[in-house]
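Enquirer:
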Amino acid sequence: MYKYLVGIAFVIFLVLLYFHFASPAWIKCYWISQSNFIEAGKNVYVSPLIPKKLIPVIQKKLKEATIRVKSFWGNKEAEPIIVFCANQNEFTYYGSQKNDVPALTHMTAMGAFIVVQLDGISVDILAHELTHAELLARLGWFVKSNEIPTWFDEGLALQLDFRYPFNTFERPSLQDYEDECRKYTVNLPITEYKTAQKFYGQGVSTHINYLFAGKEIRKWMHYHQEQKGLLWLISQLKKGKKFEIVYYANDKKTKN
3 MYKYLVGIAF VIFLVLLYFH FASPAWIKCY WISQSNFIEA GKNVYVSPLI PKKLIPVIQK
63 KLKEATIRVK SFWGNKEAEP IIVFCANQNE FTYYGSQKND VPALTHMTAM GAFIVVQLDG
123 ISVDILAHEL THAELLARLG WFVKSNEIPT WFDEGLALQL DFRYPFNTFE RPSLQDYEDE
183 CRKYTVNLPI TEYKTAQKFY GQGVSTHINY LFAGKEIRKW MHYHQEQKGL LWLISQLKKG
243 KKFEIVYYAN DKKTKN
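Residue numbers (my numbering): 3 to 258.
Structure (structure tokens):
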């Protein structure tokens, strides 16, 4: 009996060891409430290594980003788990080996998990990631994964992220985007960048891809009654219609 219990304990230890080191990062985010991270709001967890004086700053930025999301969408449906990391080791553990991004969103069938580095504590970045989560919540994981091209996902997130290249405090206009895109000699077929590999692929100027994706979505929304058009597109996709058909339905002005 003793050997049997020892064997069971050893197996449990190995399973726990596996989940600690080899499990996907989003699973670690899912169980973040069982860690020593500080709960700083509903589904919001802050590393204990982050100075406590920064917690009110994080809460304020997150509140402002949430207001921006509600204004853009009409309301907020997503309830992502948000993890704020103090250093690259924590970000690698909960987020990704790719440490050159200020934040990222794990989009899973279990929901969205947003992981943020210290330099990601800004209204623009948080609103950007919350938009990814909102799209997932409204469409569901299956539709989001099978119908939404990367250029649309990122272009939509840029509608609430005013950093590059404008660095303004309000959503750039279609004219702003067109003026900025004219600075580049490339005629980028952004709607062909459907996969993450194509959009973020090595050897490409990813910042230009973001710019042209942002312009494409800004243009589409401009000619499709802004929020009303976006919500209509979401409703059609939820009914099982194909993205390519819905996005270009009755489209005369937005095609390149």
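Virtual Cβ for every residue (Gly too), placed ideally from N, Cα, C.
Since we're looking at a predicted model, the values are computed, not measured.
#1: Return the CA-CA distance between Asn189 and His130, expressed in angstroms with no decimal places.
#2: May I ask you to report which of helix, strand or coil DSSP gives Met109?
#3: Going along the chain, which residues of its own chain have a beta-carbon closer than 7 angstroms to the beta-carbon of Pro167, five neighbours each way excluded?
#4: Just list the beta strand (DSSP E) runs in the stretch 27–62, keeping only unbroken ones of 3 residues or longer that don't cross its boundaries, in chain order.
#5: Mapping DSSP to helix, strand and coil, what is Ala80?
#6: In the DSSP assignment, the alpha helix (DSSP H) including Arg220 goes from what residue to what residue?
#7: Any contact between the stretch 64–77 and the stretch 128–142? By contact I mean 3 or more CB pairs, one from each, below 8 angstroms.
#8: Span of the alpha helix (DSSP H) holding Gly157?
#9: So what does DSSP say about Glu246, is it helix, strand or coil?
#10: Sorted by chain position, which residues of the same chain lie with C-beta nearer than 7 angstroms to Arg165's C-beta, five sequence neighbours on each side aside?
#11: So what does DSSP say about Ile116, is it helix, strand or coil?
#12: Check the C-beta distance from Tyr47 over to Ile40 and give it rounded, since I have them as a contact under 8 angstroms.
Expert: In terms of the structure at hand:
#1: Here residue 189 corresponds to residue number 187 of the sequence shown, with the count starting at 1. Here residue 130 corresponds to residue number 128 of the sequence shown, with the count starting at 1. Straight-line Cα distance between these residues: approximately 25 angstroms.
#2: Mapped onto the sequence shown, residue 109 falls at position 107. Here Met109 sits in strand by DSSP.
#3: One-based indexing of the sequence shown puts residue 167 at position 165. If we look at Pro167 and ignore the five residues flanking it on each side, its Cβ neighbours are Glu182, Leu213.
#4: 40–43, 46–48
#5: For the purposes of this step, residue 80 is identified with residue 78 of the sequence shown, where counting begins at 1. In the structure shown, Ala80 sits in coil (DSSP, three-state: anything other than H, G, I, E or B).
#6: Reading the sequence shown from its first residue, position 218 is the one you call residue 220. Element bounds for Arg220: 208–225.
#7: yes
#8: Locating residue 157 in the sequence shown gives position 155, counting from the first residue. 152–160 is the extent of the alpha helix (DSSP H) around Gly157.
#9: Sequence index remark: in the sequence shown, residue 246 carries index 244 (1-based). If DSSP states are grouped into helix, strand and coil, Glu246 belongs with the helices.
#10: To locate residue 165, count along the sequence shown from 1; it is residue 163. The residues are Asp126.
#11: One-based indexing of the sequence shown puts residue 116 at position 114. Strand.
#12: Within the sequence shown, numbered from 1, the residue matching residue 47 stands at position 45. Within the sequence shown, numbered from 1, the residue matching residue 40 stands at position 38. Yes, Tyr47 and Ile40 are in contact; Cβ-Cβ is about 7 angstroms, under 8 angstroms.
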